[in-house]
């Protein structure tokens with residue numbers, strides 16, 4: 027399997043030197059993804075809405091890679107306030123209810139932009 031890079035076209039990817047995802051060794055490694063709607067470059071205020079945007083982005087990237095959210099084996103959730111854990115985890119439950127990847131949630135002091143309240147990383151198997 028050849029290493030392959032996937033981009034969503036976000037200006038952050040080229041400016042900051044990373045790929046949205048890397049396919050390698052039968053897995054897709056999706057970079058930390060925040061709640062931007064990349065079509066409009068807007069960020070919703072509510073953490074749950076940010077999480078929904080994140081899963082839309084990650085789902086699209088995984089499909090492009092030849093995978094899907096149902097093939098996720100690991101997820102890491104980062105929130106900037108303990109109060110965001112419950113609403114974000116509810117969205118994670120909606121997305122991953124029966125899939126149940128190995129996961130962890132971490133409360134961090136901040137993300138790149140103060141509007142970012144949630145960041146999610148996912149690793150999934152290829153089909």
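In this note's numbering, the protein residues as written are 27 to 153.
Backbone N, C-alpha and C fix where the C-beta goes; we use that ideal spot for every residue, glycine too.
Just so we're clear, the structure is a prediction, and the values are computed from it rather than from any experiment.
DSSP places residue 116 inside the alpha helix (DSSP H), whose first and last residues are 111-122. Three or more beta-carbon pairs separated by less than 8 Å are not found between the stretch 129-140 and the stretch 70-80, which leaves the two stretches without contact. The C-alpha of residue 67 lies about 21 Å from the C-alpha of residue 104.
Comparing alpha-carbon positions, the option among 141, 149, 150 lying closest to residue 61 turns out to be 141. Counted as a single uninterrupted DSSP element, the beta strand (DSSP E) harbouring residue 149 occupies residues 144-151. Inclusion of residue 38 and residue 48 in the CB contact set at 9 Å is not warranted, their separation being larger than that value. The residues 73, 74, in chain order, have a CB closer than 6 Å to that of residue 113 in the same chain once the five nearest residues on each side in sequence are set aside. DSSP places residue 95 outside any beta strand (DSSP E), giving it a letter other than H or E. Here residue 145 is buried, its C-beta having at least 16 other C-beta atoms within 10 Å.
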